[in-house]
Ligand SMILES: Cc1cc2nc3c(=O)[nH]c(=O)nc-3n(C[C@H](O)[C@H](O)[C@H](O)COP(=O)(O)OP(=O)(O)OC[C@H]3O[C@@H](n4cnc5c(N)ncnc54)[C@H](O)[C@@H]3O)c2cc1C
Ligand SMILES: Cc1cc2nc3c(=O)[nH]c(=O)nc-3n(C[C@H](O)[C@H](O)[C@H](O)COP(=O)(O)OP(=O)(O)OC[C@H]3O[C@@H](n4cnc5c(N)ncnc54)[C@H](O)[C@@H]3O)c2cc1C
Ligand code: SF4
Ligand code: SF4
Ligand code: SF4
Ligand code: SF4
Ligand code: SF4
Ligand code: SF4
Ligand code: SF4
Ligand code: SF4
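Residue numbers (our numbering), protein chains in the order written: chain W, 114 to 267; chain F, 64 to 354; chain L, 91 to 1142; chain Z, 2 to 179.
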């Protein structure tokens, strides 16, 4: 029983967590549509609504990894569809840079994902989450998180 | 028994005798009596129509005045005659000046107040398909025909009594009721080459070959038509296609009336089988419809 | 059937509302929170401040939104079960390829949540009695059998309904059930029952839906009834019906499964369509590789009595080809066409890009008919290749570009008239005005037109209604009255959490009691409870009560999506005396219960953390003030052409003073050169009438020989400096600017123009024609050359008007001199819409059209007495034709005004690559700029005809009026703010703001946000290295708290 | 190269047939639907164009007017409602009337034989028709096997069927020649 208990505990610790920043106008709406269409995807994802992906600061992403998130998704309108003209364009630029920077922190750059999901793309949203969850599962918990847990133990 | 005036047309006495004869027999089987118009003349067919418009109206006009005397509706089996007679009637109706001119020429009132109808339409309208089904003695179940109207019956718009002049369906329905496995195809109203048969045989061979290819592609084992010219072109030019395009087609061609007679078990159907240039016996034998 | 369950989003404070608030004592009783109707004023007796809009497509939606913003109560009637029209079915839209639903659905939500728009579905207009300003409209309302106020759109009934029906939303390509919500984004988002197919109605038993509907929304007792509505004006926006391709039997639609209509194809392309955007064909679900489009099916066709061009199909076929390639790069689209009509703004570029770079194959010449291969169900098409050789090619699928037909159910008995095709007839220069005063028209129901043109006309129609009813503005609007806002700034957070079950939608999958218990453990949460339907009307009362009783100062609702429901709860909170920004939502339905139905435990766990994240954020929420700025109710119009004058008059008619600035000595602009309109009306008379009206209008001040030299301020309060020819300067103050500075004619030296007196422009011909300067015996023959200075490398746009102009002048010429032969040398004839009738008439009259290929411009030389034009005739495979002529007329193009280069930076608005002004949004905001308070119309925007310029002018005026009619502009609370003490002065944000809302204060060396310009996107905050720039409502610390809460998930 | 253009041919055709070639906007449906186009020197839509340009000689001496089998596919498909086949019939008639040398001489010859046969007996008799056509065209030997075959199958009646009041038919021929 004790053994089982620890196994369960371990499982829980091994269990991954994904944080998604969704822009209000396209991707959040796309996620809504996935819901309305009852498309199923794994429940490992929590989302934060922002008005525009342009507002997602690199700091948020680093903070998320520090807090023990294993994968971060940033999803916004397709290029050219931005409600605010070019916010997503800025984001794309910033994310490219950030992916490289993550390596420096010892985080695989696959843990950060940028996707364009329109309000009509419920199916795309669901499949992005499915795919990303698989990918992060394969990568396992974030190295940062392990560090933190280690530190906490010590 | 319903009686109609009947315009046989030239070829039904000679090159399409099987059509002329089977039409009368089939009609009678289905309760329709066809009374031949007295002393009718050739409608002029394509040649008149293509070279002298007035002639192409005046020739059938004489037949129409005879039909007017006979009274009632006029039934036609040949697609070309049907086309010419019907268009002459229509043109004169729409153009009284033309009618007057023609009246002078033929020396009789050319206005025909009856309806000119193709035998296929007459049969399909007077028939209850379920009843027909029950009367079938030899179901054509091994036959996989495609229906072929050709252009003369289907055009111009409004000639056919069916709404969809691009994809008429009466013949399909009739054949299906006789037990055949009718194949859909997109060539029902394509032209067979018409009167170019003797003069530009090359052109006709090409068109006919195309039809055979399409029929085969559609999975058909025979073609059924209502036009003597189509049948003649299809049969005459089948072998030539073999030479020119290096493919062998062996697809018999029937008049729809022959198949009615055959399916209803009337032995006279046998008589006409020998008249086909493409021998239908092997197919019918295989289908258990002929000995 | 009212749809009034959503909250209202009121971002305006208007005069009438203010008066009303002043008069009533402001103690927060419950009655007070009820809506109060303001008594109509005495002036303008007999007019009603309400408008009915018939048809809820994009044009009807735009008209409705404009009308409420202009201060009128709106009844939006649709014959279907939801608004949205055809645009709601489209996948993407040309020429920007934007997602159609993404841009439409926010507008639909806006309609749904506005208290002053009553949506009446399943209804048709039976009669319109009375006079303009005071109509009584009789509606026939069909029963929906579902109470829209109760239905939550959960879809439980659909799952249990035994009757399968083809889904009209998917153009019949897929099946749905008899009872259903029409489509996910439908407004109202409620189910309906079609009695014709319902088993209960046809067989007398079933009622499965009644059994499963927890909201008790189904009501089989509803009856068809008629209803009378009193309004001051009516706008007909009934759109179009698609052509039935069975009428062209040669294409085998309905016989061959892989021949489909463009509307069906649009659904196949749709990510939310029957195949989820996979490019597969109906017969066997096989991926499509070879795809063909056949144009003009049911358009430009005498034999089916559609002698008009449907205007949009050339472009949508191009769009569908591009999108198909986007979905499946290997697909090979081919478009068979007669003329490619890429006439609108940026259309030519779109078409050229598709043809030259994206591999869309365009083949001129229609296929005559379609044949099918029986085994593969592939389709055989015969066409002539560019060498004139016959080809037969197999395609996997064929799309028929079906035309647009008149709407159904709009009849002359309504006092209007229909044209010979059945479209709603309108006045020659004012296409939005029917023959009946007070009844306006817009959208594709008046003439086939695309979305931007429909939207433009909708605004124009709304503006016209306002000109009629402006004295009754606000008289019938309902206004919420708010108790004073409680100051909670000093208090510690007291968070209330409401968890909604949504019947079983949430409750069936998420363990709601568990989430409630969990919520109670969260910091600062003083109240947590569940509710079966949190959005129902009685729940709002309950919320107000607990907010008061429990002394809550933050509210979290865990239910469905904030995109539709946040405004409602914010409104409720506000009526409870709490600032509406102290509210947060957790979406545990769309983002949780519905997508994790198979793992309820994990779903419940996720719901807990979604609630926790919301609570964490809520604890940090601060009340935000909505900004207010004054509006100077005056307008500045730049340019005194037809567009500028119409805009000025429209505003003056609605009671607003206008400054009209014209740089020339006289008004009139380009139109002074045009004699006859396409409808044959005398433009000179129209123009002099117009100038006369403008000059006599006391509310319009005309500044001639003047130009704008400087513009300051922002929406509501601009200051502009204008200078006249003598250098005199005037400073003007106004709330809006309308840019109508026009365009100009292309100056050419091609084809001996300027070198030989027999070579004229169309304008010169028109002049000569109307002055009688053309002696008949000298002109046996006239040749016209099209596209002079258009559609070439230097000018990659179509000038839109010149095909019609040439045809029009040719007809005029032929009427005056029947013996004269006229030849028009062209590349494509672009007589779109009803202009096609002119083209047809020209051919009928014997005017000869000669087509030449791109890159084969005609040559002109002098031969003896005559001019000789040599042209390589494309129809004859490039055979050269020599035409000796007495006159050569050039159809020269329209160029942008050079002044634009100088105006654009002054107004802080963009130009496109061609030098025309670039509007805020090509599709849905065709006359707005992204800079608030500035509008555009006429040739300044793009080439267009007179009537189109007038449409746009009246539309721009109406859009401007939505601002001028407000006393104050209320700006969103969610805007950026720079904490000056932290700002390092790096100016990163200043450069990045897409709306130029941040400026740099040179004295204090800090960035400053102008909250009137800021749109709250947050781009600036992401780059601020000092963390000085924050976006209210999405503050850094708030998001960090959400991240932290998420980080602790699954374990804490 | 086309030098002289005129609109008179279009009017002449309209007078004779009621069809207005000038309405044609070159959609090409007539040509793409024509099953005989491979044998034509001028495609049907180009016929319309050349009528608009008044190129009478070129049209009357074209092969197209003889190759066209009057199947009317073009006519039912034309979105401008032009009966293209009727226009071609008219051109053919004009060519005969004006004695233009036909591009495919066998075809008018066949029609002449066909009509001659009717004029003589009131009805068509295949042996007579074939005989006359074969003799006059000099193409004696093609189809000879076919003829024997048909004869053997009783498809060709040696003794032609003749109508009684032949003079009435002959009168029609005489009157319509005028
Ligand atoms: C296949 C296809 C693709 C297209 N693609 C594009 C594109 O990419 N870009 C573009 O700009 N345009 C495109 N269009 C054109 C576009 O659809 C129209 O411009 C637009 O829909 C017109 O909007 P509307 O509001 O006038 O009419 P509609 O969208 O037709 O809406 C009319 C509304 O009125 C209702 N109604 C009808 N009759 C009545 C009545 N009697 N009483 C009450 N209500 C009534 C209807 O139910 C409907 O809701 C496309 C069209 C088609 C067919
Ligand atoms: C060559 C050509 C042919 C046309 N043919 C036709 C046709 O046949 N049929 C048809 O319906 N339409 C035609 N049009 C279009 C038609 O002329 C316009 O749609 C219509 O006149 C509306 O124009 P507008 O008011 O937008 O611009 P304009 O008529 O160009 O007016 C703009 C006004 O602004 C003034 N202005 C410019 N810059 C400034 C500034 N900086 N400050 C102050 N004032 C300024 C100008 O002096 C002018 O008076 C044609 C246009 C052109 C160019
Ligand atoms: S079950 Fe009831 S609440 Fe749900 S969609 Fe159907 S009618 Fe509406
Ligand atoms: S009563 Fe009608 S709508 Fe309801 S479930 Fe039965 S068939 Fe469907
Ligand atoms: S020409 Fe007109 S009707 Fe034809 S496809 Fe193009 S836009 Fe549609
Ligand atoms: S608030 Fe609750 S009841 Fe209303 S729709 Fe949203 S989840 Fe359903
Ligand atoms: S002439 Fe003018 S309207 Fe016609 S295609 Fe050329 S630029 Fe466009
Ligand atoms: S939030 Fe967006 S619009 Fe507002 S100042 Fe920042 S960047 Fe500009
Ligand atoms: S009538 Fe003549 S031109 Fe027309 S399709 Fe038939 S053969 Fe071709
Ligand atoms: S089908 Fe008619 S319009 Fe089209 S090219 Fe032929 S004649 Fe002209």
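Backbone N, C-alpha and C define an ideal beta-carbon position, used for all residues, glycine too. It should be emphasised that the depicted structure is a prediction, and the values quoted were computed from it without experimental measurement.
Would you please state the rounded distance, in angstroms, between the beta carbons of residue i and residue j? I believe it to be under 8 Å.
i, j, result
"residue 174 of chain L", "residue 194 of chain L", "7 Å"
"residue 930 of chain L", "residue 246 of chain L", "Going by Cβ atoms, the distance from residue 930 of chain L to residue 246 of chain L rounds to 55 Å, so no, they are not a contact pair."
"residue 156 of chain Z", "residue 78 of chain F", "5 Å"
"residue 161 of chain F", "residue 155 of chain F", "6 Å"
Taking 8 Å as the cut-off, decide whether the C-beta atoms of residue i and residue j are in contact.
i, j, result
"residue 405 of chain L", "residue 432 of chain L", "yes"
"residue 251 of chain L", "residue 239 of chain L", "no"
"residue 622 of chain L", "residue 649 of chain L", "no"
"residue 277 of chain L", "residue 165 of chain L", "no"
"residue 733 of chain L", "residue 624 of chain L", "no"
"residue 187 of chain W", "residue 134 of chain W", "yes"
"residue 393 of chain L", "residue 441 of chain L", "no"
Does the beta carbon of residue i fall short of 7 Å from some heavy atom of ligand 9?
i, result
"residue 69 of chain Z", "yes"
"residue 18 of chain Z", "no"
Any heavy atom of ligand 5 within a distance shorter than 7 Å of the CB on residue i?
i, result
"residue 400 of chain L", "yes"
"residue 428 of chain L", "yes"
Could you tell me if the beta carbon of residue i falls within a distance shorter than 7 Å of some heavy atom in ligand 7?
i, result
"residue 1034 of chain L", "no"
Cβ of residue i versus every heavy atom of ligand 2: is any distance shorter than 7 Å?
i, result
"residue 114 of chain F", "no"
"residue 153 of chain F", "no"
"residue 989 of chain L", "yes"
Closer than 7 Å: is that where the CB of residue i sits relative to any heavy atom of ligand 1?
i, result
"residue 412 of chain L", "no"
"residue 64 of chain L", "Absent from the model: residue 64 of chain L. The displayed extent of chain L is 91 to 1142, so no value can be given."
"residue 539 of chain L", "yes"
Interface positions of the stretch 332-346 of chain F facing chain Z (Cβ-Cβ less than 8 Å), listed along the chain: 337, 338, 339, 340
Cβ pair count under 8 Å reaching 3, the stretch 558-575 of chain L against the stretch 354-368 of chain L: no
At least 3 beta-carbon pairs within less than 8 Å: the stretch 533-542 of chain L vs the stretch 314-330 of chain L: yes
Interface residues of the stretch 670-690 of chain L facing chain W [CB-CB below 7 Å]: 679, 680, 681, 684, 685, 686, 687, 688, 689
Given 8 Å, three or more beta-carbon pairs between the stretch 636-645 of chain L and the stretch 589-607 of chain L: no
Validate contact between the stretch 777-790 of chain L and the stretch 741-749 of chain L using beta carbons, cut 8 Å, 3 pairs: yes
Members of the stretch 29-48 of chain Z near chain F, C-beta cut-off 8 Å: 36, 37, 39, 40
Cβ contact (3+ pairs, closer than 8 Å) linking the stretch 1033-1051 of chain L and the stretch 697-714 of chain L: no
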